[in-house]
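The next block holds one structure in the form of structure tokens; read it before the comments.
Residue numbers (the numbering used here): 932 to 1229.
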């Protein structure tokens, strides 16, 4: 890569003292509505993303889900298996993408949902942002984004660096998966700050949060009321969701039990809400001391 072909680096643009890789304008995803799903590790982002993708497909939308996690299990319930990652297949061809075919890295899952696992660099090396960039580049080179209505990025864990925040450069809206507990809401507070930082330079805005695996939503709602955020869905703690992952299926492929039918309806309602458009929220994240005080800790 010659110096003039290098992706420009923004210094201090996304936050004081930050060093962020600027998105190559030729890699902009056009024509599709793009959503990035974030939340604390283990909160159920992949389950939420996969069922949301399935719900969009039930509405007749052409959906592409991109898993952004080295353990590459985001699309597991959509395809029924762990598929090769983009980084794996690129390594197999010595990083010559012209040697790849779409079927080498894209798998068709439930109801036509197209599934991609970006993968990640080896532990302790590289950057997740590079992996996301290479995935989008490969999809564009193979024209996989031209016939897509919805793109969902399922992103690992909390936002701890610019690499993990890279999907926000592509997204129209960010959705945060949380639970009705302190750790999940604390992570949501950090993610809100990250999205707000990215929104200074990119089109991404916050759509709202999904209260997941929670009987109640009082703590989530209290936080939202204080900072100016919004809960846009509630998935109760039902065993059917756990069973669906064990069976390698989305909820839309499970028996029509009452709790499953209820959860399906909530996912479809969420998909309709996102498709119809959400207000661009601009909440004000709390300093650490204030969030501890808000949620009842001494």
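Just so you know, even glycine gets a beta-carbon here, dropped at the ideal spot from N, CA and C.
| query | result |
| --- | --- |
| Contact under 8 Å by Cβ, residue 1201 with residue 1191 | no |
| Own chain, CB closer than 8 Å to residue 1212, minus 5 neighbours either side, in chain order | 1136, 1137, 1138, 1139, 1159, 1160 and 1161 |
| Every unbroken beta strand (DSSP E) within the region 1072-1123, with a cutoff of 3 residues, ordered by chain | 1081-1086 and 1104-1109 |
| Check whether residue 976 and residue 1206 have beta carbons under 8 Å apart | no |
| C-beta contact flag for residue 1120 and residue 1028 at 8 Å | no |
| Residue 1083 beta carbon less than 8 Å from that of residue 968 | yes |
| Distance between residue 974 and residue 1061 (C-alpha atoms, nearest Å) | 25 Å |
| Residues near residue 1032 by beta carbon distance below 8 Å, same chain, minus five either side | 1073 |
| Residue 1143: first and last residue of the uninterrupted beta strand (DSSP E) it sits in | 1136-1143 |
| Sequence-distant residues of its chain with Cβ nearer than 7 Å to residue 1016 (five each side left out) | 1003, 1048, 1049 and 1050 |
| Secondary structure of residue 994, DSSP reduced to three states | strand |
| Assigned exposure category for residue 1101 - 16 Cβ within 10 Å defines buried | buried |
| For residue 1129, the three-state DSSP class (helix, strand or coil) | helix |
| Residue 940, buried or exposed, once every other Cβ within 10 Å from all chains shown has been counted against 16 | Confidence at residue 940 is low in this model, with a pLDDT of 45, below 50, so its placement is unreliable and the value that follows should be read with caution. Residue 940 should be labelled exposed. |
| Helix, strand or coil at residue 979 according to DSSP, with G and I counted as helix | helix |
| Top-ranked residue by Cα proximity to residue 1022, from 1114, 1052 and 1186 | 1052 |
| Boundaries of the beta strand (DSSP E) in which residue 968 is found, first to last residue | 964-970 |
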